[in-house]
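In the numbering used here, the protein residues as written are 98 to 346.
Encoded as structure tokens, the structure appears first; notes follow it.
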Amino acid sequence: MQRATIRQAAILVGGLGARLGSLTATTPKPILPCGDRPFLGWLLREFVRYGVSDFLLLTGHLSDRIAAALPELAAKLPTHVRITCAEEPVCAGTGGALVHAGAHLRERFLLCNGDSILDFNLARLLADAALDGEDVTGRMVLRRLTDASRYGVVETDGQRVTAFRERPAPAPAGSPGSPGTINAGIYLFNRRILDRLAPVCSLERDILPRLAEDGGLRGTEGDGYFIDIGVPDDFARAQTELPRRLHRP
98 MQRATIRQAA
108 ILVGGLGARL
118 GSLTATTPKP
128 ILPCGDRPFL
138 GWLLREFVRY
148 GVSDFLLLTG
158 HLSDRIAAAL
168 PELAAKLPTH
178 VRITCAEEPV
188 CAGTGGALVH
198 AGAHLRERFL
208 LCNGDSILDF
218 NLARLLADAA
228 LDGEDVTGRM
238 VLRRLTDASR
248 YGVVETDGQR
258 VTAFRERPAP
268 APAGSPGSPG
278 TINAGIYLFN
288 RRILDRLAPV
298 CSLERDILPR
308 LAEDGGLRGT
318 EGDGYFIDIG
328 VPDDFARAQT
338 ELPRRLHRP
């Protein structure tokens, strides 16, 4: 049986953030300010709540700016943690970033996107994973949306992830939207995932679909507040919503 605790989280912070235009010309998307701290500061704080104490930032674009932000990120956290950076030597994709950070990864680790937050009880993911057999390489958090047209959708059979599909067509104006279950960008992997990766590859496009086909991927659904700051409107919402929703004593 798997252990139901996890201490390490790797966070993907190397993207270009191109859809945010001039906002990310000199500042990586994950450290754009949201309220009284960088967006990434809110994300780290959520993981700290569940006992994560070792953060590995998978950097690429403007990696020096991420490294310079580490003291501010650490100062906003309620407890002492370890935060280090692993820079990809080339633009390697989300899967390749893991390959290049492989020497720093523990036997089991969390992985998440650095530009989205789901207000989710991480203990549920860990409890489900504790029951997974040796045939399961990874487990991901899923989120049901009333309009999934910005994202690809995930198909499941119970907790087994079976397939990934292209994003649904946007609903006509005035209609309720195109509902679907999406990848919420939080994963729990064991190191066996590294055997499937290439030095340059996309976790989402190249690896997860094959892992699902082989029966090695499971999903845990979360229903909390979700925001992805990848587009200007949602980044603007995050300025007020994150401090209001995620303020913890």
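Cβ coordinates follow ideal geometry from the N, Cα and C atoms, glycine included.
This one's a predicted model, so the numbers in the text were calculated from it and none came from an experiment.
Among residues of its own chain, excluding the 5 on either side of residue i, which ones have a beta-carbon nearer than 8 Å to its beta-carbon?
| i | result |
| --- | --- |
| residue 118 | 329 |
| residue 289 | 234 |
| residue 314 | 233, 234, 235, 236, 237, 257, 258, 305, 308 |
| residue 195 | 107, 155, 202, 208, 290, 291, 294, 300 |
What's the call for residue i, buried or exposed, on a 16-neighbour Cβ count within 10 Å?
| i | result |
| --- | --- |
| residue 233 | buried |
| residue 100 | Summary for residue 100: the model assigns pLDDT 48, below 50, so the residue's position carries little reliability, and this model does not support an answer. |
| residue 344 | exposed |
| residue 186 | exposed |
| residue 98 | Low confidence applies to residue 98: its pLDDT is 40, below 50, so where it sits in the model is not reliable, and the reading given next is rough at best. Flag for residue 98 reads exposed. |
| residue 262 | exposed |
| residue 311 | exposed |
| residue 121 | buried |
| residue 113 | exposed |
| residue 228 | exposed |
| residue 179 | exposed |
| residue 200 | exposed |
| residue 148 | exposed |
| residue 135 | buried |
In terms of alpha-carbon separation, which member of the options lies closest to residue i?
| i | options | result |
| --- | --- | --- |
| residue 266 | 204, 247, 337, 296 | 247 |
| residue 250 | 157, 288, 305 | 305 |
| residue 260 | 308, 173, 178, 200 | 308 |
| residue 127 | 322, 209, 225 | 209 |
| residue 103 | 125, 285, 325 | 285 |
| residue 332 | 243, 132, 154 | 132 |
| residue 153 | 184, 223, 123, 224 | 184 |
| residue 162 | 146, 252, 111 | 111 |
What's the C-alpha gap between residue i and residue j?
| i | j | result |
| --- | --- | --- |
| residue 318 | residue 139 | 21 Å |
| residue 230 | residue 257 | 12 Å |
| residue 335 | residue 255 | 32 Å |
| residue 337 | residue 176 | 24 Å |
| residue 291 | residue 172 | 32 Å |
| residue 156 | residue 321 | 28 Å |
| residue 282 | residue 316 | 11 Å |
| residue 226 | residue 144 | 17 Å |
| residue 221 | residue 108 | 20 Å |
| residue 340 | residue 174 | 14 Å |
| residue 325 | residue 294 | 26 Å |
| residue 125 | residue 236 | 28 Å |
| residue 223 | residue 158 | 31 Å |
| residue 181 | residue 217 | 24 Å |
| residue 264 | residue 244 | 10 Å |
| residue 240 | residue 342 | 18 Å |
| residue 303 | residue 130 | 32 Å |
| residue 253 | residue 198 | 30 Å |
| residue 287 | residue 123 | 34 Å |
Within the same chain, show all residues whose beta-carbon is closer than 6 Å to that of residue i, passing over the 5 residues directly before and after it, in chain order.
| i | result |
| --- | --- |
| residue 105 | 151, 203, 206 |
| residue 116 | 327, 328 |
| residue 219 | 147 |
| residue 164 | 182 |
| residue 160 | 184 |
Within its chain, find whatever has a CB closer than 7 Å to the CB of residue i; leave out the 5 residues flanking it on each side and keep chain order.
| i | result |
| --- | --- |
| residue 242 | 276, 277, 279 |
Practice problem: Determine contact between the region 162-173 and the region 273-291, defined as no fewer than three beta-carbon pairs at a distance below 8 Å. | Solution: no
Problem set entry | the region 210-227 contacting the region 122-141, beta-carbon criterion three pairs below 8 Å | yes
Fill in: Three-pair Cβ contact test at 8 Å for the region 190-209 versus the region 293-308
yes
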